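Engineer: After the structure tokens below, expect a handful of questions from me.
Next comes the structure, spelled out in structure tokens:
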């Protein structure tokens with residue numbers, strides 16, 4: 029089976045691992061996924077992440093999930109822009125997630141950034157996902 033939406037699969041792995049109470053999850057490495065993991069770490073949704081090599085020599089991202097009082101720190105994570113329906117917005121149209129309690133992750137000309145940074149730097153781009 030071929031994978032067409034690797035970002036959607038990456039998000040699903042994180043969501044499912046958190047719901048199952050796993051301590052860690054892993055997924056094949058890419059710069060885009062590493063950028064998403066950096067934002068999730070900086071905004072406090074995951075404990076940590078690191079690069080490692082798999083048994084076959086491929087790079088993988090190892091993500092250490094964060095739990096608060098036994099509950100997963102990520103209450104919800106959803107893909108906004110899909111391969112069949114890309115969603116772009118300017119910095120003025122970036123949606124607020126749960127009135128500012130969540131974040132939107134955006135692929136901009138300056139890399140992968142969160143909604144707060146995009147508004148400050150007046151950058152738009154493709155809305156990758158929303159996290160709350």
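Numbering (my numbering), first residue to last: 29 to 160.
Here a beta-carbon is modelled for each residue, glycine too, at the ideal position from N, C-alpha and C.
Nothing here was measured: the structure is a model prediction, and the numbers come from that model.
CA-CA distance, residue 126 and residue 159?
Structural biologist: Working through the chain shown from its first residue, we reach residue 126 at position 98. Working through the chain shown from its first residue, we reach residue 159 at position 131. Distance between the alpha carbons of residue 126 and residue 159 is about 9 Å.
Engineer: Kindly list the residues whose CB is nearer than 8 Å to the CB of residue 35, restricted to its own chain and excluding five residues on each side of it in sequence; keep chain order.
Structural biologist: For the purposes of this step, residue 35 is taken as residue 7 along the chain shown, with counting starting at 1. Hits under 8 Å: 60, 61, 64, 107, 156 and 157.
Engineer: Is the beta carbon of residue 142 sitting closer than 9 Å to the one on residue 82?
Structural biologist: Walking along the chain shown from the start, residue 142 turns up at place 114. Walking along the chain shown from the start, residue 82 turns up at place 54. No, the pair does not count as a contact, with Cβ atoms beyond the cut-off.
Engineer: Is residue 143 helix, strand or coil by DSSP?
Structural biologist: Position 115 of the chain shown, counted from the first residue, corresponds to residue 143. Residue 143: helix per DSSP, three-state reduction.
Engineer: Indicate the three-state DSSP secondary structure (helix, strand or coil) for residue 122 in the structure shown.
Structural biologist: For the purposes of this step, residue 122 is identified with residue 94 of the chain shown, where counting begins at 1. Three-state DSSP puts residue 122 in coil, outside helix and strand.
Engineer: Does the pairing of the stretch 110-129 with the stretch 37-48 give three or more beta-carbon distances under 8 Å?
Structural biologist: Result no; under three Cβ-Cβ pairs closer than 8 Å.
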